[in-house]
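Asks: Sequence lines, in order, name chains A and B. For the first sequence, the residue numbers in this note's numbering are 889 to 1115. For the second sequence, the residue numbers in this note's numbering are 889 to 1115. Just so you know, even glycine gets a beta-carbon here, dropped at the ideal spot from N, CA and C.
Protein chains: 2
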Amino acid sequence: LVRCRDLRKIFVMGRQRVAALDGVNIEIPEGSLTVIMGPSGSGKSTLLYLLGGLDRPTSGSIEVAGEQLEKMDENTLAVYRRQKVGFIFQSFNLVASMTALENVAFPLRFSGIGGAERKERSRGLLRQVGLENRSHHRPTELSGGQQQRVAVARALVNRPAMILADEPTGNLDTTSGLGIMRLLSDLHRSGKTVLVVTHDPRMLHYATNRIFLLDGKVVTEQEYQAA
Amino acid sequence: LVRCRDLRKIFVMGRQRVAALDGVNIEIPEGSLTVIMGPSGSGKSTLLYLLGGLDRPTSGSIEVAGEQLEKMDENTLAVYRRQKVGFIFQSFNLVASMTALENVAFPLRFSGIGGAERKERSRGLLRQVGLENRSHHRPTELSGGQQQRVAVARALVNRPAMILADEPTGNLDTTSGLGIMRLLSDLHRSGKTVLVVTHDPRMLHYATNRIFLLDGKVVTEQEYQAA
Ligand SMILES: Nc1ncnc2c1ncn2[C@@H]1O[C@H](COP(=O)(O)OP(=O)(O)OP(=O)(O)O)[C@@H](O)[C@H]1O
Ligand SMILES: Nc1ncnc2c1ncn2[C@@H]1O[C@H](COP(=O)(O)OP(=O)(O)OP(=O)(O)O)[C@@H](O)[C@H]1O
Ligand SMILES: [Mg+2]
Ligand SMILES: [Mg+2]
Chain A
889 LVRCRDLRKI FVMGRQRVAA LDGVNIEIPE GSLTVIMGPS GSGKSTLLYL LGGLDRPTSG
949 SIEVAGEQLE KMDENTLAVY RRQKVGFIFQ SFNLVASMTA LENVAFPLRF SGIGGAERKE
1009 RSRGLLRQVG LENRSHHRPT ELSGGQQQRV AVARALVNRP AMILADEPTG NLDTTSGLGI
1069 MRLLSDLHRS GKTVLVVTHD PRMLHYATNR IFLLDGKVVT EQEYQAA
Chain B
889 LVRCRDLRKI FVMGRQRVAA LDGVNIEIPE GSLTVIMGPS GSGKSTLLYL LGGLDRPTSG
949 SIEVAGEQLE KMDENTLAVY RRQKVGFIFQ SFNLVASMTA LENVAFPLRF SGIGGAERKE
1009 RSRGLLRQVG LENRSHHRPT ELSGGQQQRV AVARALVNRP AMILADEPTG NLDTTSGLGI
1069 MRLLSDLHRS GKTVLVVTHD PRMLHYATNR IFLLDGKVVT EQEYQAA
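1. Using CA coordinates, which residue listed in B:Leu1044, B:Leu1075, B:Val1040, B:Pro1048 is at the minimum distance from Gly1131 (chain B)?
2. Does Glu1055 (chain A) get closer than 8 Å to chain B when you measure Cβ to Cβ?
3. Measuring alpha carbon to alpha carbon, tell me which residue in A:Thr1063, A:Ser1064, A:His1076 is nearest Ala1049 (chain A).
4. Run down chain B in chain order and give the residues with a C-beta less than 9 Å from the C-beta of Gln1034 (chain A).
5. How would you write the range of the beta strand (DSSP E) that Val1082 (chain A) sits in, first residue to last?
6. Helix, strand or coil: which one does DSSP assign to Met925 (chain B)?
7. Leaving aside the five residues before and after Ala1115 (chain B) along the sequence, list all residues of the same chain whose C-beta is less than 7 Å from its C-beta, in chain order.
8. Does the beta carbon of Phe899 (chain A) come closer than 8 Å to any beta carbon on chain D?
9. Let me check you understand the geometry: is the CB of His1024 (chain A) closer than 7 Å to at least one non-hydrogen atom of ligand 1?
10. My output table needs one value for Phe998 (chain B): the three-state DSSP class, helix, strand or coil.
11. Closer than 8 Å by C-beta to Thr1028 (chain B): which residues in its own chain qualify, once you throw out the five before and the five after it? Chain order, please.
12. Note down, in chain order, all residues in the region 1055-1076 of chain B with a beta-carbon under 8 Å from any beta-carbon belonging to chain A.
13. With DSSP collapsed to three states, give me the class of Leu1030 (chain A).
14. Could you tell me which of B:Gly919, B:Leu1066, B:Leu996 sits nearest to Gly1033 (chain B), measuring between CA atoms?
15. With a threshold of 7 Å, establish whether the CB of Ser1073 (chain A) neighbours any heavy atom of ligand 3.
16. Cβ of Ser985 (chain B) less than 8 Å from any chain A Cβ?
17. Would the beta-carbon of Ile914 (chain B) fall within 8 Å of that of Val1107 (chain B)?
18. Answer yes if the region 933-950 of chain A comes into contact with the region 889-902 of chain A, meaning at least three C-beta pairs across the two stretches below 8 Å, and no otherwise.
19. Check the Cβ of Glu1029 (chain A) against every Cβ in chain B and list those closer than 9 Å, keeping chain order.
20. Could you pull out every unbroken alpha helix (DSSP H) segment of at least 4 residues lying fully inside the region 915-986 of chain A, listed in chain order?
21. Using only the alpha-carbon positions, how far apart do Leu1014 (chain A) and Arg1042 (chain A) sit?
22. Answer with buried or exposed for Pro927 (chain B), where buried requires no fewer than 16 other C-beta atoms within 10 angstroms of its C-beta.
23. When DSSP builds the beta bridges, which residues end up paired with Leu909 (chain A)?
24. Could one say the Cβ of Ala1023 (chain A) lies closer than 8 Å to chain B's Cβ atoms, at least one of them?
25. If you reduce the DSSP assignment to three classes, tell me which class Ala1115 (chain B) lands in.
26. Can you tell which of A:Arg891, A:Asn1046, A:Val912 has its C-alpha closest to the C-alpha of Thr934 (chain A)?
27. Once the 5 residues before and after Arg1090 (chain A) are set aside, which same chain residues still bring their CB inside 8 Å of it?
28. Is there a Cβ of chain B sitting closer than 8 Å to that of His1087 (chain A), yes or no?
29. Put Asp1103 (chain B) into one of helix, strand or coil per three-state DSSP.
30. Which residue's Cα is closest to the Cα of Leu936 (chain B): B:Pro917, B:Ser920, B:Met960, B:Leu909?
31. If distances are taken between C-alpha atoms only, which option among B:Ser1031, B:Arg891, B:Asn981 comes closest to Gly954 (chain B)?
32. Locate the alpha helix (DSSP H) running through Asp1074 (chain B), then write down its first and last residues.
33. Might you give, ordered along the chain, the residues of its own chain that have their beta carbon closer than 7 Å to the beta carbon of Ile1099 (chain A), omitting 5 neighbours on each side?
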């Protein structure tokens, strides 16, 4: 279960304050597939960063599976990020000096899993996203959509209980995008909690829950459609 | 007029050869709005890079407004890029140390246009993409879709005759994305030649020409739909 209470993230720039999240109250059931939608700049990535322990709230609380994230110190957050969450970044964040295979295997480095099995598991995920013949390409030797798919594979290699996906199909054609949506849906049906930020309405078909954001606040679907 | 004859781009990696473009023949009429579609990895960005003078073909010819790009030396290509083309990158390529306003104004640095007018023109474009109140944010202080819109504004500030847009709405919600499509269509109707790589079928509504790519080759719409 994920529960956010009066969650705020305020960015201060000189004398200007940007309320990226402006008092958000959310409950996400365990094992749900939740789609998060909203206009550009409405706070979706900020919300995902806070849920993934990649940033700290300005105020408010975040409970994930009984743990309070806002109370964790940096080391505890690092363990949480590594063990509990698989994060697919909107801008991929691949390591430029590593190949696709090395990028996918990277989260396993502290897992205690041996080299052969790390390689096997990483290869399997690259195959699942259609990139088995791009394993030895570095990010600059991959198309935009191929980089996005490597980012998807990397987020899954640790078999995390919760997957946070930020626009995972933004750079993909209809067919490749559908493949990724189905992959996320399969993971959901295998028991994982999946949160997907997307502007692709096809993802709603797979959703058990929906959240709509407008200017850093949660709104109803009606308010969102009316905007 | 843009004319490609038997255009090839082969990447060599050790003993492996990747034919990103595999003998492409294209004619793009001046003043057209051409949509380029194809699966992830089919060669769309590679084609745009060659047309924009950002990379060189392995073989074949590229004629743009009577000039042969494959015959240009590096300095001539640099002038071509700066004066004839506005390029919107799939991964934005913004300068991290500059604000949104500075990023948009950057292509004007050799234009001979005075500081006040550079600022005025850049502000106007940021307003057109809905970002006038984000002028002083740096890329890391912008959402993904906001960064994409800064990249769009920057490509237009030099008032180039040809605009090459690589997935310009991939990170935008329905409404913001429609705004960018209309902006590109307006530029087209004002006389510019516009090429848009996209997987958003809404763009076809504004297109005067269509190109479909599959595995580095041009195919018919039928072959593309059947794939
Ligand atoms: N520097 C490189 N070295 C080796 N292969 C490359 C290189 N750059 C691109 N490729 C390969 O060339 C093919 C075409 O790449 P390109 O970026 O043009 O695809 P695309 O159609 O733009 O895809 P997407 O829709 O995913 O952005 C891809 O299969 C990619 O892996
Ligand atoms: N470091 C920062 N400093 C100042 N403002 C910021 C910072 N990071 C984000 N913002 C602002 O916070 C708001 C929310 O950003 P966020 O990235 O969460 O939006 P988003 O919903 O993911 O948008 P998109 O759909 O375009 O990716 C935006 O208006 C953005 O300009
Ligand atoms: Mg975002
Ligand atoms: Mg591309």
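Replies: Once the coordinates are examined:
1. No answer is possible for residue 1131 (chain B): the residues shown for chain B start at 889 and end at 1115.
2. Counted from its first residue, the first sequence places residue 1055 (chain A) at position 167. Judged by the 8 Å Cβ criterion, Glu1055 (chain A) is in contact with chain B.
3. Residue numbering aside, residue 1049 (chain A) sits at position 161 when the first sequence is read from its first letter. Among A:Thr1063, A:Ser1064, A:His1076, the Cα nearest to that of Ala1049 (chain A) is on A:His1076.
4. Mapped onto the first sequence, residue 1034 (chain A) falls at position 146. By Cβ distance, chain B contributes Ser928, Gly929.
5. Here residue 1082 (chain A) refers to the residue found at position 194 of the first sequence. Looking at the DSSP string, the run of the beta strand (DSSP E) that includes Val1082 (chain A) is 1081-1085.
6. Position 37 of the second sequence, counted from the start, is the residue given in the question as residue 925 (chain B). In the structure shown, Met925 (chain B) sits in a strand (DSSP, three-state: E or B).
7. Taking the second sequence and counting its residues from 1, the one referred to as residue 1115 (chain B) is at position 227. Excluding sequence neighbours, Ala1115 (chain B) sits near Leu1102.
8. In the structure shown, chain D does not exist; the protein chains are A and B.
9. For the purposes of this step, residue 1024 (chain A) is taken as the residue at position 136 of the first sequence. It does not: the Cβ of His1024 (chain A) is nowhere closer than 7 Å to a heavy atom of ligand 1.
10. The residue given as residue 998 (chain B) occupies position 110 in the second sequence. Three-state result, Phe998 (chain B): helix.
11. Numbered from its first residue, the second sequence carries residue 1028 (chain B) at position 140. The residues are Ala984.
12. Glu1055, Gly1058, Asn1059, Leu1060, Asp1061, Thr1062, Thr1063, Ser1064, Gly1065
13. As a position in the first sequence, residue 1030 (chain A) is number 142, starting the count at 1. DSSP places Leu1030 (chain A) in coil when its eight states are reduced to three.
14. One-based indexing of the second sequence puts residue 1033 (chain B) at position 145. The residue with the shortest Cα to Cα distance from Gly1033 (chain B) is B:Leu1066.
15. In the first sequence, counting from the first residue as 1, residue 1073 (chain A) sits at position 185. No, since every heavy atom of ligand 3 falls outside the 7 Å radius drawn around the Cβ of Ser1073 (chain A).
16. Here residue 985 (chain B) is taken as the residue at index 97 of the second sequence, counted from 1. Not one chain A Cβ lies under 8 Å of Ser985 (chain B).
17. Numbered from 1 along the second sequence, position 26 holds the residue referred to as residue 914 (chain B). Numbered from 1 along the second sequence, position 219 holds the residue referred to as residue 1107 (chain B). Contact: no.
18. yes
19. Taking the first residue of the first sequence as position 1, residue 1029 (chain A) is located at position 141. Here the neighbours are Phe899, Met901, Val906.
20. 932-939, 962-972
21. The count along the first sequence starts at 1 and reaches residue 1014 (chain A) at position 126. The count along the first sequence starts at 1 and reaches residue 1042 (chain A) at position 154. Computed Cα separation, rounded: 9 Å.
22. If you number the second sequence from 1, residue 927 (chain B) lands on position 39. Result: buried.
23. Here residue 909 (chain A) refers to the residue found at position 21 of the first sequence. Its beta-bridge partners are A:Lys897.
24. As a position in the first sequence, residue 1023 (chain A) is number 135, starting the count at 1. In the sequence as presented, Ala is not what sits at residue 1023 (chain A); that position holds Ser. Not an interface residue.
25. Position 227 of the second sequence, counting from 1, holds the residue named residue 1115 (chain B). Correct three-state label for Ala1115 (chain B): coil.
26. Translated into positions along the first sequence, residue 934 (chain A) becomes position 46. Taking only the C-alpha atoms, the option nearest Thr934 (chain A) is A:Val912.
27. Working through the first sequence from its first residue, we reach residue 1090 (chain A) at position 202. Once the five neighbours on either side are set aside, the close Cβ partners of Arg1090 (chain A) are Gly1065, Leu1066, Met1069.
28. For the purposes of this step, residue 1087 (chain A) is identified with residue 199 of the first sequence, where counting begins at 1. Yes, His1087 (chain A) counts as interfacial toward chain B.
29. Residue mapping note: residue 1103 (chain B) aligns to position 215 of the second sequence, counting from 1. If DSSP states are grouped into helix, strand and coil, Asp1103 (chain B) belongs with coil.
30. In the second sequence, residue 936 (chain B) corresponds to position 48, counting from 1. Nearest of B:Pro917, B:Ser920, B:Met960, B:Leu909 to Leu936 (chain B), Cα basis: B:Leu909.
31. Position 66 of the second sequence, counted from the first residue, corresponds to residue 954 (chain B). Checked all of B:Ser1031, B:Arg891, B:Asn981; the closest Cα to Gly954 (chain B) is B:Arg891.
32. Residue mapping note: residue 1074 (chain B) aligns to position 186 of the second sequence, counting from 1. First-last of the alpha helix (DSSP H) with Asp1074 (chain B): 1062-1077.
33. Along the first sequence, one-based indexing puts residue 1099 (chain A) at 211. Cβ within range, chain order: Ile914, Thr922, Ile924, Val1106.
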